[in-house]
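Protein chains: 2
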Amino acid sequence: MALIDRFTTPYGAVRKIDAFGYLDALKADADAPRKHGKVVLVTADTPLKASRGEGKTTTTIALIDALRARGVDAAAVLRQPSMGITAAGSKGGASGGGKASLTHPELVDWGLCGEMTAIAAAQNLLVSFAEKAVDEGSLDTIMVPRVSEVPSRSLRQITVDRGKGDVPERVVLTPTCELMQIVVLSRSMEEIGRRVAAMIAGTREGEPVRFGDFIDVWRITNILTDAVKPALTETRNGSAVYVHGGPFANVSVGIPTLVSVEMACALHDVVVVEAGYGADAGAQKWLDIACREYGAPWPSAAVVVTRATTWRDDPSLSWRYPFHVRRLEGLDIPTFPLINLWDGEDGEVDSLKSTADALGLRKPIVGNLYRDGGKALAPQLDAFVQTLSQESSPAQPDSHRGMALLENVRWVADHAYGVPPERVIIRDGFAESLASAEQLCRADGLDLDDLALVAVKSPATMTDDDSEPEDRRSVTLKKVEVHAGAGLVQVNLTTSLTTPMPKIV
Amino acid sequence: MALIDRFTTPYGAVRKIDAFGYLDALKADADAPRKHGKVVLVTADTPLKASRGEGKTTTTIALIDALRARGVDAAAVLRQPSMGITAAGSKGGASGGGKASLTHPELVDWGLCGEMTAIAAAQNLLVSFAEKAVDEGSLDTIMVPRVSEVPSRSLRQITVDRGKGDVPERVVLTPTCELMQIVVLSRSMEEIGRRVAAMIAGTREGEPVRFGDFIDVWRITNILTDAVKPALTETRNGSAVYVHGGPFANVSVGIPTLVSVEMACALHDVVVVEAGYGADAGAQKWLDIACREYGAPWPSAAVVVTRATTWRDDPSLSWRYPFHVRRLEGLDIPTFPLINLWDGEDGEVDSLKSTADALGLRKPIVGNLYRDGGKALAPQLDAFVQTLSQESSPAQPDSHRGMALLENVRWVADHAYGVPPERVIIRDGFAESLASAEQLCRADGLDLDDLALVAVKSPATMTDDDSEPEDRRSVTLKKVEVHAGAGLVQVNLTTSLTTPMPKIV
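Residue numbers (the working numbering), protein chains in the order written: chain A, 1 to 505; chain B, 1 to 505.
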């Protein structure tokens with residue numbers, strides 16, 4: 001019986017793994033067999049609109065099937081799709097498609113084993129505890145939003161306690177909340193409890209009050225008992241796919257749980273991690289938050305997915321795709337362009353390849369992955385497999401801890417969006433928002449500049465207007481929000497959504 | 001391999017059973033082996049307050065352990081406790097205690113396998129669909145409430161779409177919603193879909209509009225895929241306990257899913273069904289709704305649990321316990337008093353027994369079930385087991401379908417609360433509420449009098465004032481609410497809560 005089997009439980013059509021327990025067992029026994037899997041980041045071009053996927057999950061599934069067909073022990077780690085998005089009907093599921101599919105996509109798309117609903121219940125229970133604290137006078141202003149598992153346009157702005165307190169509130173989709181960030185970033189239930197206790201519930205006479213000051217943390221962690229366990233499902237070809245954690249990369253950290261990736265790396269030689277939406281969201285956050293600040297493995301290679309139409313249909317936006325590929329190459333990550341063809345596009349392969357060649361990119365991998373799955377990829381992976389087999393010494397990324405927040409934001413704008421510091425615009429109100437975040441942190445005994453930066457932005461744009469010429473593109477800063485429990489500071493850029501709450505279609 | 005094993009899947013620490021599939025398979029093969037288990041109803045005295053349990057679950061667990069110790073193949077069916085109540089901290093879990101415990105009480109109390117959260121998501125998605133219909137002009141007034149899995153005092157009254165539509169709404173706890181009632185009463189996913197389609201979403205120019213007119217029912221049923229499967233857990237002594245469905249008996253139908261009871265009856269000789277709060281809520285609803293209107297098995301015996309203190313501490317309320325026992329005996333259900341002792345009450349056994357004797361009740365079963373579990377009961381079950389072994393011909397309960405609603409309410413007040421028709425008081429506004437419910441039904445092509453009656457009341461009182469002398473007790477009728485999808489009409493009595501939303505303690 002392998003060590004992992006002791007931590008694996010059948011759970012309906014999937015399995016759930018006690019990743020905390022397994023990783024602890026590995027730590028406790030240096031002789032326990034383990035692998036040291038390399039991480040491959042699958043990210044994408046910036047989509048033309050949020051509801052239009054490039055096919056990252058389809059690519060991820062086809063890629064591990066293809067690698068396994070070539071004898072490489074590969075597995076994937078996916079974020080759990082938001083059931084709210086599936087339920088809204090504005091976007092298909094996020095579980096691949098066609099020959100690049102999971103065995104139980106309907107489960108993954110429609111709530112899996114209740115992980116997200118459990119996190120929703122726990123986050124909303126925190127708000128209930130905060131209300132109790134208000135009743136008891138230990139809090140006067142609640143700063144933690146409620147969450148909803150399904151989108152509802154009218155919840156964007158609500159008033160609670162109607163007729164009495166009449167308190168204005170907003171409701172956000174579950175994957176965006178601080179508790180989800182905590183689940184994603186924590187390596188033990190004890191750490192989750194500690195981080196929940198460190199969350200700022202709100203203020204009393206202007207001073208921050210932490211949840212740890214007044215709640216029973218165990219009531220929160222009890223609700224999360226099964227939610228913290230990654231689900232193991234598989235592709236139709238039997239490749240392992242771990243699904244866990246689901247914040248959106250545009251408005252939150254957008255990465256799967258760190259423990260699910262670490263567990264997969266101990267079990268497989270190659271671990272493909274999906275990071276989206278585009279490289280400006282998902283990859284930026286994997287590299288700058290997960291790796292730099294939270295010790296996640298630096299990628300040994302990257303694949304950047306685009307569709308032929310995304311890359312070429314709007315000439316004013318076609319700079320984005322090569323920008324993403326070059327940015328990752330510039331970080332010493334061997335980066336492979338991958339073009340996910342749709343029906344009727346088979347004839348475009350040569351022209352796509354010569355375009356890539358003219359731009360100095362690596363030779364692109366091209367295929368109709370929905371139609372052909374991993375079979376379309378396997379013969380094209382020589383260079384990719386060669387890269388992974390090299391004894392690469394991955395870059396040692398530097399933490400930005402202690403870097404002034406503004407400098408940090410300018411660094412991200414420069415590196416991830418191609419906008420130099422002088423065109424990072426500070427909008428009216430930003431300075432006040434920054435000052436009050438700094439003051440909140442100081443009163444809480446924290447240094448704002450020690451928190452990891454989360455850029456909050458639209459998924460479909462990198463700058464204030466991506467269709468401007470390069471020397472006129474800008475990024476505007478709007479407001480700052482502290483998530484002390486998760487150890488994050490969120491900065492909203494002009495193109496950010498105020499409330500991620502899609503419409504039902 | 002037994003037939004049931006084909007429909008059973010391990011699901012973490014418990015198992016989930018496709019009850020729909022199993023019952024279909026039994027129907028399709030008349031030769032498939034099955035039992036014809038007798039139902040024993042475990043109900044209780046009316047509690048002194050809602051947060052104080054008499055020990056129904058503890059009794060249920062001890063009872064099946066004791067029956068099995070005596071060689072009887074017994075199992076239990078429990079409702080899923082509301083995580084909202086557990087999270088609020090106002091009441092312990094609802095999964096037994098001490099030696100009369102389940103192997104995984106924490107799972108049962110804290111959300112089980114996500115059944116309740118899935119129902120919450122689906123009910124809230126219905127509201128989102130209704131909002132879309134409002135946007136599109138096919139609906140102008142939404143009648144379906146949102147639900148929350150955790151209690152929050154400020155959600156009792158809210159305004160949504162703040163600053164635009166400013167629509168007043170209320171939020172109720174998940175277990176009380178119509179979709180939960182539909183899950184409880186339906187015998188197939190097709191029936192659930194049909195009933196969801198028949199739910200009245202709201203009105204357009206005063207005319208009822210059904211969800212079936214504008215939603216994708218499959219999006220709702222997809223969310224419910226696993227939620228419709230009963231969970232199988234067990235007592236510490238290895239007795240089978242099925243847990244499924246969780247509406248409150250004071251404000252809703254308050255019974256476990258019908259299919260979980262039918263499945264248990266096909267698998268065991270004796271099936272103990274818990275029905276609470278008191279007999280005036282849980283037993284009334286099992287008999288008058290589940291059995292009379294939805295074809296559930298009539299009980300072959302009943303156990304009515306009380307605590308010594310509940311029965312005796314308030315002399316003005318001590319009429320309730322013998323009332324409940326006699327009411328069930330009067331329906332030809334052999335009814336056994338059971339007194340669940342707490343620490344320090346061992347010396348009271350004789351006096352309790354002589355009180356019961358003086359009242360002409362059967363000899364009570366008495367024990368400290370928390371401390372001693374089934375061992376306290378087994379030696380006292382001779383008469384009980386003897387009753388169950390008789391070839392009883394259970395009463396054929398009559399449906400009240402077609403009985404005028406007011407006559408039906410008066411019948412319940414008379415039989416279940418001991419209040420004669422002339423003291424059923426009609427409060428201002430009730431007649432209007434009744435007339436508009438009748439009109440709504442008529443416009444929907446239904447007859448209000450064909451719907452099953454759900455009395456909505458406080459869990460801790462049966463009448464307007466239970467401490468009044470018998471000839472002055474009354475019941476006041478407040479309002480009428482139609483749940484066309486579930487086939488129910490709810491009538492609020494004066495002592496009903498407007499919104500079941502407990503405070504966090």
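Glycine residues also receive a C-beta, built at the ideal position from the N, C-alpha and C atoms.
(request) Show which residues of chain B have a CB atom less than 7 angstroms away from the CB atom of Phe510/A. (result) This structure does not reach residue 510/A, given that chain A is present from 1 up to 505, and the question cannot be answered.
(message) Once DSSP output is grouped into helix, strand and coil, what is the label at Gln380/B?
(response) helix
(request) Could you name the residues that DSSP lists as bridge partners for Ile200/A? (result) Arg210/A, per the DSSP bridge assignment.
(request) Please name the residues in the region 100 to 119 of chain A whose beta-carbon is closer than 7 angstroms to at least one beta-carbon of chain B, in chain order. (result) Glu106, Trp110, Gly111, Cys113, Gly114, Thr117 and Ala118
(request) Would you check if the distance between the CB atom of Ala118/B and the CB atom of Asp5/B is smaller than 8 angstroms? (result) No. Outside cutoff.
(message) Measuring alpha carbon to alpha carbon, tell me which residue in Ser316/A, Lys479/A, Ala308/A and Asp288/A is nearest Leu328/A.
(response) Asp288/A
(request) For Thr43/B, write down the residues that DSSP places opposite it in a beta bridge. (result) Paired residue(s): Val304/B.
(message) Please state the DSSP three-state secondary structure of Asn237/A.
(response) Of the three classes helix, strand and coil, the one that applies to Asn237/A here is coil, per DSSP.
(message) For a quick check, are the C-beta atoms of Leu405/B and Leu434/B less than 8 angstroms apart?
(response) yes
(request) Within 10 angstroms of the Cβ of Ala30/B, are there 16 or more other Cβ atoms? Answer buried if so, exposed if not. (result) exposed
(message) Check whether the region 276 to 294 of chain A and the region 13 to 30 of chain A touch, using three or more Cβ-Cβ pairs below 8 angstroms as the test.
(response) With a cut-off of 8 angstroms, the region 13 to 30 of chain A and the region 276 to 294 of chain A do not count as touching, because too few Cβ pairs lie within range.
(message) Mapping the DSSP letters down to three states, classify Pro10/A as helix, strand or coil.
(response) strand
(request) Rounded to whole angstroms, what's the CA-CA distance from Asp444/A to Thr141/A? Just pull it up for me. (result) Those two C-alpha atoms are separated by around 15 angstroms.
(message) Below 8 angstroms, how does it come out for the region 366 to 374 of chain B and the region 55 to 73 of chain B: are there three or more Cβ pairs, yes or no?
(response) The answer is yes - the region 55 to 73 of chain B touches the region 366 to 374 of chain B, with three or more Cβ pairs under 8 angstroms.
(message) Please report the straight-line C-alpha distance between Met403/B and Asp449/B, rounded to a whole angstrom.
(response) 6 angstroms
(message) Measuring CB atoms only, is the region 110 to 129 of chain B touching the region 220 to 236 of chain B, in the sense that at least three cross pairs come out at less than 8 angstroms?
(response) yes
(request) Determine which residues share a DSSP beta bridge with Val160/B and list them. (result) For Val160/B, DSSP records a beta bridge to Ile158/A and Val167/B.
(request) Closer than 8 angstroms, Cβ to Cβ, to anything on chain A: give me those residues from the region 59 to 85 of chain B, in chain order. (result) Met83
(request) Evaluate Ala431/A with the Cβ neighbour count: other Cβ atoms within 10 Å of its Cβ, from every protein chain shown; 16 or more gives buried, anything less gives exposed. (result) exposed
(request) Consider the Cβ of Pro125/A: report whether some Cβ of chain B lies at a distance smaller than 8 angstroms. (result) This sequence places Leu at residue 125/A; Pro is not what is there. For Leu125/A, the answer is yes, since a Cβ of chain B falls inside 8 angstroms of its Cβ.
(request) Check Thr141/B in the structure and name its three-state DSSP category. (result) strand
(request) Establish whether the CB of Glu131/A and some CB of chain B are separated by less than 8 angstroms. (result) Yes, Glu131/A counts as interfacial toward chain B.
(request) List the endpoints of the continuous beta strand (DSSP E) containing Gln490/A. (result) Leu488 to Leu493
(request) Please decide whether Thr225/B counts as near chain A, where near means a Cβ-Cβ distance under 8 angstroms. (result) yes
(request) Could you pull out every residue in the same chain whose Cβ sits closer than 7 angstroms to the Cβ of Thr387/B, ignoring the five residues on either side in sequence? (result) Within the same chain, Cβ atoms closer than 7 angstroms to the Cβ of Thr387/B are found at Ala301 and Pro334, the five residues on either side in sequence being excluded.
(request) May I have the straight-line CA-CA distance separating Met199/A from Gly84/B, to the nearest angstrom? (result) 22 angstroms
(message) At the level of alpha carbons, what is the spacing between Gly344/B and Gly295/B?
(response) Their backbone Cα atoms lie some 43 angstroms apart in a straight line.
(request) Could you work out which residues of chain A lie near Lys16/B, taking near to mean beta carbons separated by less than 8 angstroms? (result) Gly12
(message) Between the region 483 to 493 of chain A and the region 175 to 185 of chain A, can you find at least three pairs of beta-carbon atoms closer than 8 angstroms?
(response) yes
(request) Identify the continuous alpha helix (DSSP H) that holds Ile182/B and give its terminal residues. (result) Glu178 to Leu185
(message) For the region 175 to 190 of chain A, list every residue whose C-beta sits within 7 angstroms of some C-beta in chain B, in sequence order.
(response) none
(message) Distance cutoff 8 angstroms, beta carbons only. Does Ile158/A sit that close to anything in chain B?
(response) yes
(request) Indicate whether Pro230/B and Ser260/B have their beta-carbon atoms separated by less than 8 angstroms. (result) Contact: yes.
(message) I'd like the span of the alpha helix (DSSP H) that includes Lys508/B, first residue to last.
(response) Not covered by the structure: residue 508/B. The range shown for chain B is 1 to 505.
(message) Using 8 angstroms for Cβ pairs, my map puts Ser154/B next to Gly165/A. What's the rounded Cβ distance?
(response) Right, the Cβ-Cβ distance comes to about 7 angstroms (below 8 angstroms), so this counts as a contact.
(message) I want to know whether the region 205 to 219 of chain A touches the region 266 to 276 of chain A - three or more CB-CB distances under 8 angstroms.
(response) no
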